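A.B. asks: In the working numbering, the protein residues as written are 1416 to 1924. Where is the CB? At the ideal position from N, CA and C, for every residue including glycine. This structure is a prediction, so every number in the text was calculated from the model and none was measured. Below is a structure I'd like to ask you about.
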């Protein structure tokens, strides 16, 4: 009877794969396994776990294959454990998604090294596949190869995948050079309040792009022969806004000056990638970028995005809240210097190695060792600023860190409408956080963390902050529906377990 079930499950997997138009090799690449293993599964000749069935279902976006589980992924956390050893920082999630969008500029083959295997990347790959881009994981599933078609099929775009990521907005810059009209689903992503695309449009109208919005769709039209005749001044020094302007300027046959540009880590990685495509960018790391565009880009390019400073901050916070000694390797130090300066004033005990260079040949890295420290609340409030200020996405981690410190810390998250509200979920775990308004929260420390069962906040960084607090709390906690964490972190639970955490992944059966 068991063998019969294996055959039936294998046929379901085969049918779902064929419906998607994938070969066995493509499914194997998505799963990080071999084509022969997929062949055995489809013939019913290999035992298959519920977790593998779940992974296959997610890869093929097929509910019939996902019959091995009935619900989303959850985490069971046994807290109160000290971390030890060393852990590497993965490549930047935000750089990877920008580079996936930027690959649409290139008619040639693009290879991206050590791409973050996260849900945000998977959703973008689903969108790219649906419009004709051939993608495959190579080198044992570590690197990603992208080959575009001669003509993109925008009418077949996977709208369901597109609306689950705000990164889809960065298709606008490349697409305006490839077609005179197209449709794009509304951008989604984290629930962080109202975020319009008007700053994007102010920049992209200068390249002839006009958008009307109806029933969840952006209808884009591109007027020919319209190019910037003076510098573009961004009304928001946002990362994706700057990236969209860069992507539009990259294939403009002329020079584009972008002012009030973000100089953050993912923008710098995008600039380095554009240089690999043959596009000269002056002013990298400053707020004025001068782009010498190339109208036709057809090169085979190989690029390694740098490490993620927000993940580095996540791991640092994990060490602080669990009172552990932990070495965090491959930290992009130039995007963590303000955070470390604040933590030093709070009393953080840490060492850092000599600097060395990331695989992109440009970004400066260090290895950071954090030790248990007696922290004091900072005198000044914690608030984000554009780079080189304290990173916007690193602000939530200071809520957990401040909760371990002696005294009161004011955190002012002025950028997002809702995110400070989600930080008060820490109160369910013993925290003492007072919401002053939708942007400001007062944190009282130190905290005696306690275990709890709760739903995952719908925003990425607050969700991870809750997980870290659970790791510090004595007893067993449960964090339900952690899809939002998987959007931005690759195998976070498994990697934390490798340095001493006890986190179990489970699903409702």
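I need the boundaries of the beta strand (DSSP E) containing residue 1697, first residue and last residue.
C.D. replies: Note, residue 1697: beta strand (DSSP E), 1695-1697.
A.B. asks: When DSSP builds the beta bridges, which residues end up paired with residue 1597?
C.D. replies: Per DSSP, 1635.
A.B. asks: What is the DSSP secondary structure of residue 1500, counted as helix, strand or coil?
C.D. replies: Note: residue 1500 maps to coil in three-state DSSP.
A.B. asks: To the nearest angstrom, how far is the alpha carbon of residue 1416 from that of residue 1836?
C.D. replies: Note that residue 1416 scores 40 on pLDDT, short of 50, meaning its location in the model is unreliable; the coordinates nonetheless yield the value given after this. When rounded, the distance between both Cα atoms is 52 Å.
A.B. asks: Among 1627, 1563, 1536, 1652, which has the Cα closest to the Cα of residue 1801?
C.D. replies: Closest option to residue 1801, Cα to Cα, is 1652.
A.B. asks: Using only alpha-carbon positions, find the residue among 1779, 1688, 1662 that is nearest to residue 1751.
C.D. replies: It is 1779 whose Cα lies nearest to the Cα of residue 1751.
A.B. asks: Within 10 angstroms of its Cβ, does residue 1831 collect 16 or more other Cβ (buried), or is it exposed?
C.D. replies: Classification for residue 1831: buried.
A.B. asks: Does the Cβ of residue 1433 have 16 or more other Cβ atoms within 10 Å, making it buried, or fewer, making it exposed?
C.D. replies: Exposed.
A.B. asks: Rounded to a whole number of angstroms, what is the C-alpha to C-alpha distance between residue 1591 and residue 1717?
C.D. replies: So the alpha carbons of these two residues sit roughly 24 Å apart.
A.B. asks: Using alpha carbons as the reference points, say which of 1799, 1720, 1661 lies closest to residue 1526.
C.D. replies: Of the listed residues, the one whose Cα sits closest to residue 1526 is 1720.
A.B. asks: For residue 1814 versus residue 1858, is the C-beta spacing smaller than 7 Å?
C.D. replies: Contact: yes.
A.B. asks: According to DSSP, is residue 1906 part of a helix, a strand, or is it coil?
C.D. replies: Note: residue 1906 maps to coil in three-state DSSP.
A.B. asks: Going by DSSP in three states, residue 1628 sits in which element: helix, strand or coil?
C.D. replies: Of the three classes helix, strand and coil, the one that applies to residue 1628 here is strand, per DSSP.
A.B. asks: Taking 8 Å as the cut-off, does the segment 1493-1511 touch the segment 1871-1887 (at least 3 CB pairs, one atom from each stretch)?
C.D. replies: Output reads yes: the segment 1493-1511 touches the segment 1871-1887.
A.B. asks: Can you look up residue 1807 in the DSSP assignment and give me helix, strand or coil?
C.D. replies: Residue 1807: helix per DSSP, three-state reduction.
A.B. asks: Going by Cα to Cα distance, which pick from 1447, 1903, 1582 is closest to residue 1504?
C.D. replies: Nearest of 1447, 1903, 1582 to residue 1504, Cα basis: 1903.
A.B. asks: Looking only at DSSP bridge pairs, what is residue 1774 linked to?
C.D. replies: DSSP output for residue 1774 lists no bridge partner at all.
A.B. asks: Suppose you measure from the CA of residue 1834 to the CA of residue 1534; what does that come to, to the nearest Å?
C.D. replies: The straight-line gap from Cα to Cα measures roughly 21 Å.
A.B. asks: Please report the distance separating the alpha-carbon of residue 1673 from that of residue 1851.
C.D. replies: Cα to Cα, residue 1673 sits roughly 37 Å from residue 1851.
A.B. asks: For a cutoff of 7 Å on Cβ pairs, would you count residue 1875 as touching chain D?
C.D. replies: Going by chain labels, chain D is absent from the structure shown, which holds only one protein chain.
A.B. asks: Residues bridged to residue 1894 by DSSP?
C.D. replies: Residue 1894 pairs with 1490, 1869.
A.B. asks: State yes or no: is the C-beta of residue 1580 within less than 7 Å of the C-beta of residue 1538?
C.D. replies: Yes.
A.B. asks: With a cut-off of 8 Å, do at least 3 Cβ pairs link the segment 1763-1781 to the segment 1674-1693?
C.D. replies: The segment 1763-1781, when compared against the segment 1674-1693, does touch it at the 8 Å Cβ threshold.
A.B. asks: Taking a contact to mean a Cβ-Cβ separation below 7 Å, would you say residue 1656 touches residue 1589 in this structure?
C.D. replies: No, these two residues do not count as a Cβ contact at 7 Å.
A.B. asks: Just to confirm the assignment, what range does the alpha helix (DSSP H) spanning residue 1687 have?
C.D. replies: Counting along the chain, the alpha helix (DSSP H) containing residue 1687 begins and ends at 1680-1691.
A.B. asks: Quick check: residue 1522 and residue 1713, are their CB atoms within less than 7 Å of each other?
C.D. replies: Yes, the pair counts as a contact, with Cβ atoms nearer than the cut-off.
A.B. asks: Looking only at its own chain, which residues have a Cβ that is under 6 Å from the Cβ of residue 1509, when we skip the five neighbours before and after it?
C.D. replies: 1681.
A.B. asks: Applying the 10 Å Cβ sphere with the 16-neighbour rule, what's the burial state of residue 1803?
C.D. replies: Looking at its Cβ environment, which holds fewer than 16 other Cβ atoms inside 10 Å, residue 1803 is exposed.
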